[in-house]
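Numbering-wise (our numbering), the first sequence opens with residue 39 and increments by one. Where a beta carbon is used, it is the ideal one built from N, C-alpha and C, also for glycine. Worksheet for the structure shown next.
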Amino acid sequence: MFRQTRSEVETALEAALEALDLPSEDLGIEEPPEDVAAVLASSAAFRLAGEVGAPPPAVAADIAAAIDPGDLTYVDSVEQRGPYVNFLPSDAYFGETLAAAQAEDYGQLPDRDTSVVVEHTSANPTGPVHVGRARNPIIGDALARVLDYAGYDVDRHYYVNDAGRQMAVFTWAYETFDEDDLPEPERDSPEYEMVRYYRKGNSFLEEADADRVEDAESEIRAILQGLEAGDEDAYERVGEVVDTVLGGMSETLGRLPAEFDEFVKETRFMRNDATEDLVDRLKALDQAVYEEDAWQLDLPGFEKNLVFLRSDGTSLYTTRDLAHHEWKFDTYDRAVTVLGEDHKLQADQLDTTLDLLGHDTDQLSQVFYSWVNLPEGGMSTREGTGIDLDDLLDESIDRAREEVESRIDTRSRDDDLDETDVERIAHQVGIGAVRYDIVSKQPTKGITFEWDRALDFEAQSAPYVQYVHARCCGIRSEAGHAVEEGKEREPDSTAGDLDAAPLATDAERDLLREIARFPAVIERAADEHRPHVVATYTRTLAEQFNTFYRECPVLDADPDTKRARLALVDAARHAIANALDAIGVAAPRSM
RNA sequence: GGGCGUGUGGCCUAGUGGACGAGGGCGAGGGGUUCCUAACCCCUCGAUCGCGGGUUCGAAUCCCGCCACGCCCGCCA
């Protein structure tokens, strides 16, 4: 009801200002701090004081007096407090929130009839996914989920750089070196086996004699030219390496879970002549220049030219990515790309060039994140430095399992967790902790990876929030409504004759108010492409629930209160479960 | 050198013009379970919001300068 209330307040405030003959373009609507009973407030009186010639509190009082709460559904009263106009929630606000949150899909906003493609990860298929890159799939997947909740029609894409020099080097190395000369793979998985060739190839190119390196380089060149010429054999050779490595990487990403609707290969835009067609149009632009045998763009606002066709007539990564984005414009209403901060300049150039080509680049946006580094420096697949995402997830699951096992004897709840439960919880908590740790921070902030900090299971972590969900399920279960893992989607018997009136304590009201905010949180996270605000919300909601849990017994309450509190617990459960789902963290039914 | 980003108690982090007299967490110290799961809760300790100017009735938030750190400035991807 928060969103509805907000628009109701907007309308009322606008009318009041007009009635007072005051400008109404700045309503100054904001959310008051926790210790204020209002749901919304306006600080417009600050700015209007000069115009009116009266101090802000007097103006606020006038505004408050000009609004008749009797005309409003979700506002009970309008009060002036200092320079603020406060809007206090009505019984209908609480009642309808309680009712709305009984829906299993609470927080899911209406369909917007707008398609959006979220491209994320898109790491070159050179080897195991390492932690330095792990922010990309986690932020990308969370963003896709949030957009989904916000009513967009979402596709998730992984753009595969399968036509670059790295893949040519990889293909040459794979065909050249013998497995007997390679170290044992770190894991029994294709990308771990394959990366050994890649590393061997790269060190050969750095260390071998000049003439041997030149021989290798000519083979690598031949592969690249084969791709450019549309040579089927070249595609097949590179494709084998790419598909094998990518298959292994997908398994790892799937553990997060981060899944994709499509793996879009850049060679696709070479084979279907889209790149060639694009190059023709680029050459025709006013900004196109032909210098030193290469076609370039003199982009306005950029220091250096952007080369889009090499002197040997081959295309570059950026050229193909332009064709790729033209395809996105054709296929989707909007496109979001999650990129490392090192791609900022390239993204700006891409944007500017697409604009020159006549595309509406307002439909295109990027989310940038900075790398996760180790205390001793960066991570590199080629050099084999860094921590594999698989190892991080395994370690986290192991620690979570130890945690569950160490608690099992002192648990006060008598639900007898069996082996399957322990394993389930270890996975939900272990992986959830890693995801939450990453998704809850602003992407632009740098992260230095430290095991103990990343895998803290206490306050301000996924387990803290997950525990609240488990508590909700525990109460439900005690009340005779068991929640099935995975599909906790049974109709609620208390729905229908809901009454929020018995929920009279501060703890209950505050919890309900927090639940009411959830759809607006989703909306904001989607609009601003900032999934981390959902993570922040889960924590606030969990804190509010814990206050309620401490102060308000549910099962032992009198029948009317019990019914209302059970409904409140369900409302909280849906908000928590869906908020966690929106950031891709599992909601365990027991812990 | 130029561009972009980041800078909030010892450490991590929220807040990005208005009730901030800055909210959490970790840490340190103290307390809480005959009661729906203590991965919890309560209390105490601890911050000139990097530094210096400016704009504003009002600045952690906007502008300018400086400092520190990160990233980028390829006919690589």
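- Classified as buried, glutamate 364 has 16 or more neighbouring CB atoms from the shown chains inside 10 Å of its CB.
- Between the C-alpha atoms of valine 623 and glutamate 566 there is a straight-line separation of about 20 Å.
- Around the beta-carbon of alanine 545, 16 or more other beta-carbon atoms lie within 10 Å, marking it buried.
- The Cβ-Cβ distance between isoleucine 469 and serine 444 does not fall below 8 Å.
- In this structure, DSSP gives phenylalanine 125 an extended state, which the three-state scheme calls strand.
- Every alpha helix (DSSP H) of 4 residues or more that sits fully in the region 169-216 is shown, in chain order, as 173-187, 203-214.
- In the three-state DSSP reduction, phenylalanine 132 falls in the helix class (H, G or I).
- The Cβ atoms of isoleucine 425 and phenylalanine 487 lie closer than 8 Å to each other.
- Annotated three-state conformation of phenylalanine 495 is coil, per DSSP.
- Straight across, the Cα-Cα distance linking glycine 178 with alanine 620 is about 12 Å.
- Spanning the alpha carbons of leucine 427 and arginine 237 requires a straight line of approximately 18 Å.
- Per DSSP, reduced to three states, the secondary structure at threonine 448 is coil, with no helix or strand assignment.
- Across the set Asp400, Asp380, Glu52, Asn616, the C-alpha of Asp380 shows the shortest separation from the C-alpha of tryptophan 409.
- When the beta-carbon positions are compared, glutamate 142 and histidine 612 come within less than 8 Å of each other.
- Boundaries of the alpha helix (DSSP H) harbouring glutamine 466: 457-477, taken from the DSSP string.
- Taking a contact to require three or more Cβ pairs closer than 8 Å, the region 480-496 and the region 577-595 do not qualify as touching.
- In this structure, DSSP gives isoleucine 261 a helical state, which the three-state scheme calls helix.
- As the crow flies, the alpha-carbon of glutamate 314 is around 11 Å from that of leucine 354.
- Beta-bridge analysis with DSSP links glycine 415 to Leu412.
- Residues of the same chain with a CB within less than 8 Å of the CB of asparagine 240, apart from the 5 flanking positions on each side, are Val207, Ala211, Arg420 in chain order.
- DSSP places leucine 344 in the strand class (E or B) of the three-state scheme.
- Taking each of Asp114, Lys382, Gly133, Ala137 in turn and checking the Cα distance to proline 127, the smallest one comes out for Asp114.
- Spatial neighbours of glutamine 325 in its own chain (CB-CB distance under 8 Å, excluding positions within 5 residues in sequence) are listed in chain order as Leu335, Asp336, Leu337, Pro338, Leu394.
- For leucine 147, same chain residues with a beta-carbon under 7 Å away, outside a window of 5 residues either side, are Tyr187, Ala188, Gly189, Pro557, Ile560, Glu561 in chain order.
- Collapsing the DSSP output to three states places glutamine 404 in a strand.
- Lysine 303: member of the beta strand (DSSP E) spanning 300-303, first to last residue.
- The C-beta of valine 167 has 16 or more other C-beta atoms within 10 Å across all chains shown, which makes the residue buried.
- Going by DSSP, tyrosine 328 is part of the beta strand (DSSP E) stretching over 326-329.
- Minimum Cα-Cα distance from arginine 275 among the listed residues Asp247, Gly120, Thr209, Val283 corresponds to Thr209.
- Within the model, the alpha-carbon separation for alanine 471 versus aspartate 459 is close to 18 Å.
- Glutamate 222 is classed as exposed because its beta carbon has fewer than 16 other beta carbons within 10 Å across all chains shown.
- Between leucine 392 and aspartate 359, the gap from beta carbon to beta carbon reaches 8 Å or more.
- Residue pairing of glycine 378 in beta bridges, as defined by DSSP: Tyr407.
- Unbroken beta strand (DSSP E) stretches of 3 residues or longer found wholly inside the region 61-112: 78-80, given in chain order.
- Leucine 335: member of the beta strand (DSSP E) spanning 332-335, first to last residue.
- Boundaries of the beta strand (DSSP E) harbouring glutamate 157: 153-157, taken from the DSSP string.
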